[in-house]
Amino acid sequence: MRYLFRLFTLLFALGLVFPALAQAPTASQAQVAWRLLDYVAVDYAGAVANGQVTNPAEYGEMVEFSGQIRTRLETLPSNPAKADLLRDAAALQTAIRDKTDPRVVGGQAKALAGAVLTAYPSPLAPSFPPDLAKGAALYDAQCAVCHGATGRADGEGAQGLDPAPIAFADVERARQRSVFGLYQVIDQGLDGTAMASFSHLPVEDRWALAFYVGRFAFTDAEAAEGQRIWETDPSVRAAFPDLAAVTQATPAELASRIGETRARAVTAYLRRHPEATIRPAGSTLTLARTRLAESEAAYRQGDRKAATDLALSAYLDGFEPVEPALGARDRALLRRVETAMTELRASISKGAPAEEVAGRIARLNALIDTAERALAPHEADNAASFVGAFTILLREGLEALLIVVAMIAFLRKAERPDVLRYVHGGWVAALAAGGATWAAATFFISISGASRELTEGFGSLLAAIVLVSVGIWMHGKSHADAWQTYIRDKLSKALSKRSAWFLFLLAFVVVYREVFETILFYAAIWSQGGHVGMLAGALTAVAILAVAAWALLAYSKHLPIGRFFSLSSILMAVLSVVLVGKGVAALQEPGWLDVHPITWAPRIEILGLYPTMEGVGVQLLTLVVLGIGFARTSGTRSKDPARPANS
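Numbered by mature numbering (1 follows the signal peptide of the UniProt record, and there is no 0), the letters in the sequence shown go through residues -22 to -1, 1 to 625 in order.
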């Protein structure tokens, strides 16, 4: 048990940090390269004019930065686009060394910066509109001393700094800077200057600062005109479908499309009111259709990787945001869309004929139309809210209930009531964490579809690993009626404080993964009205789960210990197979695992059976491991000389 605890703790920790650790080095180097390119694109014009150096110090920086850009790109992992990036970086380095015209160098730097983000994606925007009041407070407290109260680089701390702080109110410079570029400098700092990294601030605070400083060069009057343009010109709204479009746009680039005056006005408005880009749920389905069309076009051009990425974006960015609401209204339709999305990505991955991919996209568009009609705004009645809340909580809560009840019954059989508090502490902590997650998702952060799936996926797999081990161990004790005292003696030694914390973690993980899923669906039901029905459905489900828990515990109390271990080992085995299937499916949805559908196999969610080769294969492997484990423990038991003859 001690070694099992260590293994579980290690896997639990790795499951929490691995997604971030796996991408951190790549993201960091790519972002630094992007920041340097953005700096070159903006500042090279201040160093060279007409083929002559006008500012030797600035020009020296440009030469140095161009070398660093190439070095950073060389350290990035292999990528089909890496060779092109290095070639373009070498060309940029040569152009700077030859004192090429600033417009040419600026264009090269911007093009290369865009290519870097395409090849090595980085978060381009906050997940929700930033709090600009918080940004203003942070600026006053930490930035104004150098950059000045109005962004003119005239603060008391600016005196004597070399190079001088950036003047955010500089109109010409601001034309070339995007909010994303400002964020990168805030996040990483600027080497060779007094500008330090503010990476210690929460991500949302860094974005708030970036938006706030990005408005200094634009007036309130321009913002008012920008609001008028935004509200009356659909083409301008179409150019900014989301926050990422706002963070990446520079006023200069926007001016090339809609004119200088209008570009300044729209920029002034959106940097003051980024929430204007937030659309109702239907617009995310529009984004899903757009991404699907782009995916089909990329596939017909032979770019399978781009087609895969766009198809994944259609799901994560277009469909996932409305999943909870759709699941509350029509869960069968939700599963049909999910299955169709998975099958589309599988067809693209295997290089299916273009017409097959086009057919799948056409069927998906029809399903999305149906989903849009199902999501049409209306006040949910109490009966519908009751059914939705009741079925969701009962379905999600049953798995966790069975595992927690099994642990409690086990400890009672072992006569270890002192350890029960760890199990109760685990599930109570999971409920508290679920409440905190709901509050955070409602008031502070946006939980992406990918985050939800990864949390469910890793939680399911970790719990499954533990249940396999526990199931095999319990099977080894299933013929223990005649030596109950022997088992109790062993358990009194085995259940150390470390093992008790293991039970706490197991209870926490199995309950929190269900709570996490449930709160997202409940938030969607609540937003549709029918609050009385929802509360009644939730309370009814809780009552049924409580009665089920009481009945199971009462039944287990009267079971002989051998029978208890036998039934518990079977329960652990079944639940481990179910959870491993759900875990694989959850990791497939955000694209973490490949998908190879099995067209003839049914989808039975209650059994964790999802018709893919990966999911079914891992479930079969789990069954094999369980079979071998059960056989080995049965053999060991039959040879045990301590076993009574009549057992």
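We put the CB at the ideal spot given by N, CA and C, even for glycine.
Bear in mind that the values here come from a model prediction, so they are computed numbers and not experimental data.
Start and end of the alpha helix (DSSP H) containing residue i?
i: D198; result: D198 to T210
i: L288; result: R282 to S291
i: A344; result: A332 to A352
i: H125; result: A122 to H125
i: V149; result: V149 to R153
i: L221; result: L221 to Q226
i: W185; result: V181 to V191
i: V94; result: P80 to A97
i: I236; result: P229 to I236
i: K535; result: H509 to K535
i: D66; result: K60 to R75
i: L294; result: Where L294 is concerned, there is no enclosing alpha helix (DSSP H), given that its DSSP letter is neither H nor E.
i: I326; result: R309 to S327
Whose CA, out of the options, lies closest to the CA of residue i?
i: T225; options: L345, P101, A87 and T320; result: P101
i: A330; options: L248, L599 and D281; result: D281
i: L110; options: S325, T49, S175 and W185; result: W185
i: A241; options: V82, A201, I584 and R267; result: A201
i: P108; options: R250, T32, Q9 and D62; result: R250
i: D76; options: F368, D148, S327 and S44; result: S44
i: E350; options: L304, Q9 and V149; result: L304
i: F494; options: E334, A172, R153 and L409; result: L409
i: D140; options: A35, L95 and L353; result: A35
i: V335; options: A243, T369 and S273; result: S273
i: F189; options: Q166, Y161 and Y17; result: Y161
i: L604; options: V446, S156 and L54; result: V446
i: G296; options: A478, I236 and E316; result: E316
i: T262; options: P80, G192 and Y293; result: Y293
i: G511; options: A266, R48 and T369; result: T369
i: L371; options: Q154, E492, V123 and S327; result: E492
i: V365; options: L530, D308, P299 and L322; result: D308
i: A367; options: A147, Q86 and T518; result: T518
i: D396; options: L483, R65 and A478; result: A478
i: A67; options: A384, Q46, A344 and P55; result: Q46
i: Q86; options: L64, A103 and Y98; result: L64
i: Q205; options: I339, A551, Q154 and A254; result: A254
Between residue i and the rest of its own chain, which residues show a CB-CB distance below 7 Å, the 5 nearest in sequence each way excluded?
i: A142; result: A131 and A136
i: L601; result: V555
i: L469; result: The predicted model places L469 with a pLDDT of 48, which falls under 50 and marks its position as unreliable; any figure quoted below should be read in that light. Once the five neighbours on either side are set aside, the close Cβ partners of L469 are A392 and R394.
i: A609; result: none
i: I164; result: F176, R184, L187 and A188
i: R215; result: W208
Helix, strand or coil: how does DSSP classify residue i here?
i: L587; result: strand
i: F422; result: Bear in mind that the predicted position of F422 carries a pLDDT of just 49, short of 50, making it too unreliable to give a figure here.
i: I576; result: coil
i: A27; result: strand
i: I256; result: coil
i: I582; result: strand
i: T611; result: helix
i: W570; result: coil
i: T53; result: coil
i: P34; result: helix
i: Q162; result: helix
i: T369; result: helix
i: L168; result: coil
i: F106; result: coil
i: A2; result: Residue placement at A2 is flagged as unreliable, the pLDDT there being 40, under the threshold of 50; the coordinate-derived value follows with that caveat. Three-state result, A2: helix.
i: A563; result: helix
i: E393; result: coil
i: I548; result: helix
i: residue 704; result: Residue 704 lies beyond the stretch modelled for the chain, which goes from -22 to 625, so this question has no answer here.
i: P299; result: helix
Thinking residue i and residue j are a contact (beta carbons under 8 Å), I'd like their distance in whole angstroms, please.
i: G595; j: G559; result: So it is not a contact: roughly 10 Å between Cβ atoms.
i: L51; j: G113; result: Not quite, the Cβ-Cβ distance comes to about 32 Å (not below 8 Å), so this is no contact.
i: T348; j: L311; result: 6 Å
i: L389; j: L379; result: With a Cβ gap of about 16 Å, L389 and L379 do not count as contacting.
i: R341; j: A324; result: R341 to A324, Cβ: 14 Å. No contact.
i: I381; j: V488; result: 5 Å
i: E374; j: T496; result: 5 Å
i: S363; j: G192; result: The pair is not a contact, with the Cβ atoms about 42 Å apart (cut-off 8 Å).
So, for residue i: in the same chain, excluding its five sequence neighbours on each side, which residues have a beta-carbon less than 8 Å away from its beta-carbon?
i: I423; result: Legend: pLDDT at I423 = 48, less than 50; position of this residue unreliable, value from coordinates given subsequently. So the qualifying residues of the chain are S105, F106 and E182.
i: E592; result: V562, Q566, L571, D572, V573 and H574
i: A27; result: P80
i: K535; result: A387 and R390
Only counting the same chain, and skipping five residues up and downstream in sequence, which positions put a Cβ closer than 6 Å to that of residue i?
i: W405; result: V382, A485 and V489
i: A246; result: F196, E200, A201 and G204
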